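Residue numbers (the numbering used here): 289 to 596.
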């Protein structure tokens, strides 16, 4: 770094800043008519799910629709879909138009969490419902595991922001009557496996994996562990859920965590200073086109663990 771009310690301390306040998060998906008890908006199987999120991310609201359209998806920050309506019933599969709308949403920077399940929970319609939710990312869901509770393992928790994030680190989670993914495309990263089958049960597609500018997508092969009666406050499943939200949601992501390790620290400061007086763009935290003192202020204001 040239002397003209070097910043002294005194200058760092002299910079005044006001960290930006994240906007309230809007999470959307199916309404109760389409999604049943697993409607993200008001399904009676997701009370704990929603309460956990609003406790961790105050101001979050939930909305639902009977049909996924581009117009609806423009109104939300994060899409959450379940292939199940209840323990033994499946949603009406997403139409080709709905799948296209979801693909466009993700391709244009809208993140998503997808929950599918085993291939028999809702009878003959189970597979079609599952596939309609995950086909657009190239996953294939199959299998029917044993009942609650069964272990699922994350081999390297520290390598993933989902397993090791602002809400804690977990090396396993619990599933029941789960499915699993028997095909994961090369742009998907397997985070955890279902012990019973040894096959993937948690997959993430990082930003830009699906296409340039695309948002991240997280896919779970079991929904039981996230519905009322099974999702417990303080459990590893809740930690995974909240870390997933923190990783995905644009209003809650730790923008100054440039190396995505879950904490804003000296490594992030070094990355920002190395990009000083350039356009970034990653290090241009305030989006004004130049990495400068304002961006440094944002970073210092966010110093410490993300979500703290």
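Even for Gly, the Cβ is constructed at its ideal location relative to N, Cα and C.
Quick caveat, the model's predicted, so the values are computed rather than measured.
- An exposed status is given to residue 576, since fewer than 16 other beta-carbon atoms sit within 10 Å of its beta-carbon.
- Leaving aside the five residues that flank residue 381 on each side, the residues in its chain whose CB is nearer than 7 Å to its CB run, in chain order, 416, 417, 420.
- In the assembly as shown, residue 529 is a buried residue. Its beta-carbon has 16 or more other beta-carbons within 10 Å.
- Setting aside the 5 residues that flank it on each side, residue 440 is surrounded in the same chain by 460, 461, 462, 463, 466, 480, 481, 482, 483, 489, 490, 510, each with a C-beta closer than 8 Å to its C-beta; the list follows chain order.
- With 16 or more other Cβ atoms inside 10 Å of its own Cβ, residue 552 counts as buried.
- Judged by pairs of C-beta atoms under 8 Å, the stretch 513–521 does not touch the stretch 556–565, as fewer than three such pairs exist.
- Taking 8 Å as the cut-off, the Cβ atoms of residue 401 and residue 313 do not count as close.
- Counting only residues of its own chain and dropping the five nearest sequence neighbours on each side, residue 501 has a CB closer than 8 Å to the CB of 395, 396, 397.
- Given a length threshold of 3 residues, each whole run of the beta strand (DSSP E) inside the stretch 443–530 is given here in chain order: 460–463, 468–471, 477–482, 487–493, 505–508.
- In the three-state DSSP reduction, residue 342 falls in the helix class (H, G or I).
- Counting along the chain, the unbroken beta strand (DSSP E) around residue 351 starts and ends at 349–353.
- Comparing C-alpha distances from residue 548 to each of 582, 589, 454, 478 shows the shortest one belongs to 454.
- According to DSSP, residue pairing for residue 368 in a beta bridge involves 401.
- For residue 320, the uninterrupted alpha helix (DSSP H) run begins and ends at 320–323, by DSSP.
- Annotation: residue 532 to residue 451 spans about 9 Å, alpha carbon to alpha carbon.
- Straight through space, the alpha carbons of residue 426 and residue 473 are spaced by roughly 6 Å.
- In the three-state DSSP reduction, residue 377 falls in the strand class (E or B).
- In this structure the stretch 386–395 lies against the stretch 350–362, because at least three pairs of beta carbons, one per stretch, are closer than 8 Å.
- Around the C-beta of residue 437, fewer than 16 other C-beta atoms lie within 10 Å, and the residue is accordingly described as exposed.
- Boundaries of the alpha helix (DSSP H) harbouring residue 385: 384–395, taken from the DSSP string.
- Between residue 433 and residue 406, the CB-CB gap stays under 8 Å.
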